[in-house]
(Lines of atoms letter the chains of each structure in order from A and count residues from 1; the text may use other names and numbers.)
(Lines give C-alpha, C1' and ligand atoms only; values in the text may rest on other atoms or scores of the structure.)
Protein backbone atom coordinates (compact mmCIF):
# COMPACT_ATOMS: atom_id res chain seq x y z
CA UNK A 1 0.00 0.00 0.00
CA UNK A 2 0.88 3.68 -0.08
CA UNK A 3 1.16 5.77 3.08
CA UNK A 4 0.06 9.39 2.93
CA UNK A 5 0.09 11.97 5.71
CA UNK A 6 -3.28 13.68 5.43
CA UNK A 7 -3.27 16.06 8.37
CA UNK A 8 -0.90 17.46 10.98
CA UNK A 9 -3.61 19.63 12.47
CA UNK A 10 -6.09 19.69 15.28
CA UNK A 11 -8.16 16.84 16.64
CA UNK A 12 -10.75 16.79 19.39
CA UNK A 13 -10.90 14.17 22.09
CA UNK A 14 -14.16 12.27 21.64
CA UNK A 15 -13.42 9.10 23.57
CA UNK A 16 -12.94 8.49 27.27
CA UNK A 17 -9.66 8.75 29.09
CA UNK A 18 -6.77 11.15 28.88
CA UNK A 19 -4.72 11.39 25.72
CA UNK A 20 -1.58 13.42 25.26
CA UNK A 21 -1.44 12.85 21.50
CA UNK A 22 -4.60 14.77 20.61
CA UNK A 23 -5.71 18.36 21.03
CA UNK A 24 -7.84 18.75 24.12
CA UNK A 25 -11.11 20.67 23.86
CA UNK A 26 -10.85 24.28 25.02
CA UNK A 27 -7.08 24.19 25.34
CA UNK A 28 -4.28 26.04 23.62
CA UNK A 29 -4.59 24.80 20.06
CA UNK A 30 -2.18 22.01 19.24
CA UNK A 31 -1.09 18.55 20.23
CA UNK A 32 0.81 18.71 23.57
CA UNK A 33 3.45 16.13 22.67
CA UNK A 34 4.35 18.00 19.48
CA UNK A 35 3.74 21.60 20.54
CA UNK A 36 6.47 24.23 20.20
CA UNK A 37 7.57 26.23 23.27
CA UNK A 38 6.10 29.45 21.91
CA UNK A 39 2.82 27.70 21.13
CA UNK A 40 2.66 26.25 24.64
CA UNK A 41 3.13 29.76 26.03
CA UNK A 42 0.37 31.15 23.85
CA UNK A 43 2.88 33.42 22.15
CA UNK A 44 3.26 34.53 18.56
CA UNK A 45 3.89 31.60 16.24
CA UNK A 46 5.11 31.35 12.66
CA UNK A 47 6.40 28.57 10.36
CA UNK A 48 9.33 27.97 12.70
CA UNK A 49 6.83 26.59 15.22
CA UNK A 50 5.83 23.98 12.64
CA UNK A 51 9.49 23.13 12.12
CA UNK A 52 9.83 22.46 15.86
CA UNK A 53 6.85 20.11 15.66
CA UNK A 54 8.51 18.46 12.69
CA UNK A 55 11.59 17.91 14.85
CA UNK A 56 9.44 16.24 17.52
CA UNK A 57 7.87 14.04 14.83
CA UNK A 58 11.27 13.04 13.47
CA UNK A 59 12.60 12.34 16.98
CA UNK A 60 9.57 10.14 17.65
CA UNK A 61 9.90 8.20 14.41
CA UNK A 62 13.61 7.54 14.70
CA UNK A 63 13.81 6.81 18.44
CA UNK A 64 10.43 5.21 19.07
CA UNK A 65 9.36 7.82 21.64
CA UNK A 66 8.64 11.52 21.87
CA UNK A 67 11.32 13.80 23.38
CA UNK A 68 9.07 14.72 26.32
CA UNK A 69 6.49 12.63 28.15
CA UNK A 70 4.26 13.36 31.12
CA UNK A 71 1.02 12.62 32.94
CA UNK A 72 -0.82 15.65 31.59
CA UNK A 73 -0.62 18.40 29.01
CA UNK A 74 0.70 20.97 31.47
CA UNK A 75 3.69 18.88 32.52
CA UNK A 76 4.57 18.23 28.89
CA UNK A 77 4.29 21.93 28.03
CA UNK A 78 6.68 22.84 30.86
CA UNK A 79 9.23 20.38 29.48
CA UNK A 80 8.96 21.89 26.00
CA UNK A 81 9.83 25.22 27.61
CA UNK A 82 12.46 24.25 30.16
CA UNK A 83 13.96 20.83 29.49
CA UNK A 84 16.43 19.69 26.85
CA UNK A 85 15.54 16.36 25.22
CA UNK A 86 17.79 13.36 25.64
CA UNK A 87 20.16 13.32 22.70
CA UNK A 88 18.74 11.05 20.04
CA UNK A 89 22.11 9.33 19.55
CA UNK A 90 21.73 7.97 23.08
CA UNK A 91 18.65 6.14 21.82
CA UNK A 92 19.72 5.46 18.24
CA UNK A 93 23.50 5.26 18.07
CA UNK A 94 23.25 4.06 14.46
CA UNK A 95 21.77 7.33 13.16
CA UNK A 96 24.05 9.49 11.01
CA UNK A 97 25.39 12.32 13.14
CA UNK A 98 24.30 14.91 10.56
CA UNK A 99 20.70 13.72 10.83
CA UNK A 100 20.88 13.80 14.64
CA UNK A 101 22.21 17.36 14.53
CA UNK A 102 19.44 18.37 12.13
CA UNK A 103 16.75 16.97 14.44
CA UNK A 104 18.16 18.74 17.49
CA UNK A 105 18.41 22.04 15.64
CA UNK A 106 14.72 21.68 14.82
CA UNK A 107 14.12 21.16 18.55
CA UNK A 108 15.86 24.39 19.60
CA UNK A 109 13.88 26.28 22.25
CA UNK A 110 14.36 29.63 20.53
CA UNK A 111 12.88 30.01 17.02
CA UNK A 112 15.94 32.00 15.95
CA UNK A 113 18.11 28.93 16.57
CA UNK A 114 16.06 26.64 14.32
CA UNK A 115 15.99 26.53 10.56
CA UNK A 116 14.19 29.67 9.50
CA UNK A 117 12.12 28.08 6.74
CA UNK A 118 11.27 24.72 5.24
CA UNK A 119 13.37 25.69 2.22
CA UNK A 120 16.43 26.18 4.44
CA UNK A 121 15.82 22.79 6.02
CA UNK A 122 15.52 21.16 2.60
CA UNK A 123 18.79 22.72 1.48
CA UNK A 124 20.50 21.38 4.60
CA UNK A 125 18.95 17.97 4.13
CA UNK A 126 20.01 17.71 0.53
CA UNK A 127 23.58 18.44 1.53
CA UNK A 128 23.71 15.42 3.85
CA UNK A 129 25.55 12.43 2.44
CA UNK A 130 23.18 9.53 3.14
CA UNK A 131 23.87 6.25 1.40
CA UNK A 132 21.37 5.51 -1.36
CA UNK A 133 19.44 8.78 -1.14
CA UNK A 134 20.92 10.31 -4.30
CA UNK A 135 19.18 7.61 -6.33
CA UNK A 136 15.77 8.93 -5.27
CA UNK A 137 16.05 12.72 -5.34
CA UNK A 138 13.65 14.46 -7.69
CA UNK A 139 16.21 16.24 -9.90
CA UNK A 140 14.16 19.26 -10.94
CA UNK A 141 13.17 20.57 -7.51
CA UNK A 142 14.91 23.90 -6.95
CA UNK A 143 15.59 24.97 -3.40
CA UNK A 144 14.34 28.44 -2.65
CA UNK A 145 11.99 30.49 -0.51
CA UNK A 146 9.14 29.97 -2.98
CA UNK A 147 9.60 26.20 -3.10
CA UNK A 148 5.99 25.22 -2.52
CA UNK A 149 4.52 27.87 -4.79
CA UNK A 150 7.04 27.38 -7.57
CA UNK A 151 6.60 23.61 -7.66
CA UNK A 152 2.95 22.71 -7.07
CA UNK A 153 3.69 19.09 -8.00
CA UNK A 154 6.63 18.82 -5.62
CA UNK A 155 4.58 17.39 -2.79
CA UNK A 156 3.28 14.56 -4.98
CA UNK A 157 6.81 13.84 -6.18
CA UNK A 158 8.06 13.67 -2.61
CA UNK A 159 5.29 11.19 -1.76
CA UNK A 160 6.25 9.11 -4.78
CA UNK A 161 9.90 9.21 -3.70
CA UNK A 162 8.92 7.94 -0.25
CA UNK A 163 6.80 5.20 -1.83
CA UNK A 164 9.82 4.06 -3.85
CA UNK A 165 11.91 3.83 -0.70
CA UNK A 166 9.16 1.94 1.11
CA UNK A 167 8.87 -0.69 -1.61
CA UNK A 168 12.62 -1.28 -1.56
CA UNK A 169 12.95 -1.47 2.22
CA UNK A 170 11.03 -4.56 3.34
CA UNK A 171 14.10 -6.12 4.95
CA UNK A 172 13.92 -4.14 8.22
CA UNK A 173 10.74 -4.12 10.32
CA UNK A 174 12.48 -2.21 13.12
CA UNK A 175 13.21 1.48 13.48
CA UNK A 176 13.99 3.54 10.40
CA UNK A 177 17.31 3.06 8.64
CA UNK A 178 19.56 5.58 6.92
CA UNK A 179 17.83 5.56 3.54
CA UNK A 180 14.46 6.30 5.15
CA UNK A 181 15.69 9.13 7.29
CA UNK A 182 16.33 11.98 4.88
CA UNK A 183 13.44 11.06 2.59
CA UNK A 184 10.85 11.10 5.38
CA UNK A 185 12.16 14.33 6.90
CA UNK A 186 11.98 15.79 3.39
CA UNK A 187 8.36 14.72 3.03
CA UNK A 188 7.40 16.25 6.37
CA UNK A 189 9.33 19.45 5.70
CA UNK A 190 7.49 19.99 2.42
CA UNK A 191 4.25 19.44 4.31
CA UNK A 192 4.91 22.06 7.00
CA UNK A 193 1.88 24.34 7.31
CA UNK A 194 2.44 28.07 6.82
CA UNK A 195 0.27 30.97 7.87
CA UNK A 196 -0.85 29.86 11.33
CA UNK A 197 -1.91 32.93 13.24
CA UNK A 198 -3.60 31.68 16.43
CA UNK A 199 -2.21 33.05 19.68
CA UNK A 200 -4.47 31.69 22.42
CA UNK A 201 -3.90 31.95 26.13
CA UNK A 202 -0.89 30.22 27.56
CA UNK A 203 -1.22 26.66 28.82
CA UNK A 204 1.05 27.68 31.67
CA UNK A 205 -1.05 30.57 33.01
CA UNK A 206 -2.70 28.21 35.47
CA UNK A 207 0.44 26.42 36.63
CA UNK A 208 0.87 28.31 39.88
CA UNK A 209 -2.86 28.37 40.65
CA UNK A 210 -3.54 24.67 40.62
CA UNK A 211 -4.28 23.36 44.10
CA UNK A 212 -5.30 19.73 44.40
CA UNK A 213 -8.09 20.28 46.92
CA UNK A 214 -9.52 23.53 45.57
CA UNK A 215 -10.59 24.59 42.07
CA UNK A 216 -10.67 28.32 41.50
CA UNK A 217 -13.85 29.87 40.10
CA UNK A 218 -13.39 31.91 36.94
CA UNK A 219 -15.51 34.82 35.73
CA UNK A 220 -17.11 33.04 32.76
CA UNK A 221 -18.08 29.47 31.95
CA UNK A 222 -15.73 29.50 28.96
CA UNK A 223 -12.78 30.51 31.14
CA UNK A 224 -13.79 27.90 33.71
CA UNK A 225 -13.84 25.17 31.08
CA UNK A 226 -10.48 26.21 29.62
CA UNK A 227 -8.96 26.30 33.10
CA UNK A 228 -10.44 22.89 33.95
CA UNK A 229 -9.23 21.35 30.70
CA UNK A 230 -5.69 22.52 31.42
CA UNK A 231 -5.74 20.94 34.88
CA UNK A 232 -7.37 17.91 33.27
CA UNK A 233 -8.79 16.21 36.35
CA UNK A 234 -12.34 15.03 36.99
CA UNK A 235 -12.71 17.44 39.91
CA UNK A 236 -11.64 20.38 37.76
CA UNK A 237 -13.98 19.47 34.93
CA UNK A 238 -16.95 18.98 37.25
CA UNK A 239 -16.32 22.47 38.63
CA UNK A 240 -17.69 23.84 35.35
CA UNK A 241 -21.12 22.40 36.15
CA UNK A 242 -20.83 23.27 39.84
CA UNK A 243 -19.97 26.93 39.35
CA UNK A 244 -22.08 27.41 36.20
CA UNK A 245 -25.20 25.20 36.46
CA UNK A 246 -26.39 23.99 33.04
CA UNK A 247 -29.97 25.08 33.67
CA UNK A 248 -29.06 28.75 34.07
CA UNK A 249 -28.23 29.52 30.44
CA UNK A 250 -27.77 27.92 26.99
CA UNK A 251 -24.06 28.73 27.17
CA UNK A 252 -23.71 26.89 30.46
CA UNK A 253 -25.55 23.94 28.92
CA UNK A 254 -23.19 23.93 25.94
CA UNK A 255 -20.10 23.74 28.14
CA UNK A 256 -21.72 21.15 30.40
CA UNK A 257 -22.09 18.92 27.34
CA UNK A 258 -18.43 19.48 26.54
CA UNK A 259 -17.54 18.40 30.05
CA UNK A 260 -19.60 15.22 29.64
CA UNK A 261 -17.78 14.39 26.42
CA UNK A 262 -14.43 15.08 28.04
CA UNK A 263 -14.98 12.90 31.11
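Residue numbers (our numbering): 132 to 394. Built from N, CA and C at the ideal position, the CB exists for glycine as well. All of these numbers come straight from a predicted model, not from anything done at the bench.
Return the chain-ordered list of same chain residues with a C-beta closer than 6 Å to the C-beta of residue 203, the five sequence neighbours on each side being excluded. Setting aside the 5 residues that flank it on each side, residue 203 is surrounded in the same chain by 363, each with a C-beta closer than 6 Å to its C-beta; the list follows chain order.
What are the boundary residues of the alpha helix (DSSP H) that includes residue 183? 178 to 194 is the span of the alpha helix (DSSP H), which, as asked, contains residue 183.
Candidates 169, 184 and 258: closest to residue 212 by CA position: Cα-wise, what sits closest to residue 212 is 169.
Residues in its own chain within less than 8 Å of residue 433 by CB, not counting five upstream and five downstream? Residue 433 lies beyond the stretch modelled for the chain, which goes from 132 to 394, so this question has no answer here.
For residue 218, which three-state DSSP category applies? Of the three classes helix, strand and coil, the one that applies to residue 218 here is coil, per DSSP.
Kindly indicate the opening and closing residues of the alpha helix (DSSP H) around residue 397. A question about residue 397 goes unanswered here, because the residues of the chain that appear run from 132 up to 394.
Residue 180: which of 163, 357 and 232 sits nearest, CA to CA? For residue 180, the nearest C-alpha among the options comes from 163.
Taking 8 Å as the limit between beta carbons, can you name the residues of its chain near residue 236, skipping five residues before and five after? Here the set comprises 186, 244, 245 and 246.
With distance defined between alpha-carbon atoms, name the residue in 178, 233 and 386 nearest to residue 255. For residue 255, the closest C-alpha among the options 178, 233 and 386 is that of 233.
Option in 227, 188 and 248 with minimal Cα separation from residue 260: Closest option to residue 260, judged by alpha-carbon separation, among 227, 188 and 248: 227.
Let me know the secondary structure DSSP gives residue 374 once reduced to three states. If DSSP states are grouped into helix, strand and coil, residue 374 belongs with the helices.
Count the other CB atoms, across all protein chains shown, that sit within 10 Å of the CB of residue 388; report buried if there are 16 or more and exposed otherwise. Result: exposed.
Does residue 369 come out as helix, strand or coil in the three-state DSSP assignment? DSSP, read as helix, strand or coil, puts residue 369 in helix.
Pick from 353, 176, 379 and 193: whose alpha carbon is nearest that of residue 241? Closest in alpha carbon position to residue 241, among 353, 176, 379 and 193, is 176.
Rounded straight-line distance, which links the Cα of residue 184 to that of residue 167: One C-alpha to the other measures close to 6 Å.
Using DSSP with H/G/I as helix, E/B as strand and the rest coil, what is residue 384? Three-state result, residue 384: helix.
Got a sec? Which residues, its chain only, sit under 7 Å from residue 336 by beta carbon, not counting five neighbours each side? With a pLDDT of only 49 at residue 336, under 50, the local geometry of the prediction cannot be trusted, and the value read off the model is given with reservation. Contacts found: none.
Ends of the alpha helix (DSSP H) at residue 398? Nothing can be reported for residue 398: it is not among the residues displayed for the chain, which extend from 132 to 394.
Can you tell me whether residue 188 is buried or exposed, with buried defined as 16 or more other CB within 10 angstroms of its CB? By the Cβ-count criterion, residue 188 is buried, with 16 or more other Cβ atoms from all chains shown falling within 10 Å of its own Cβ.
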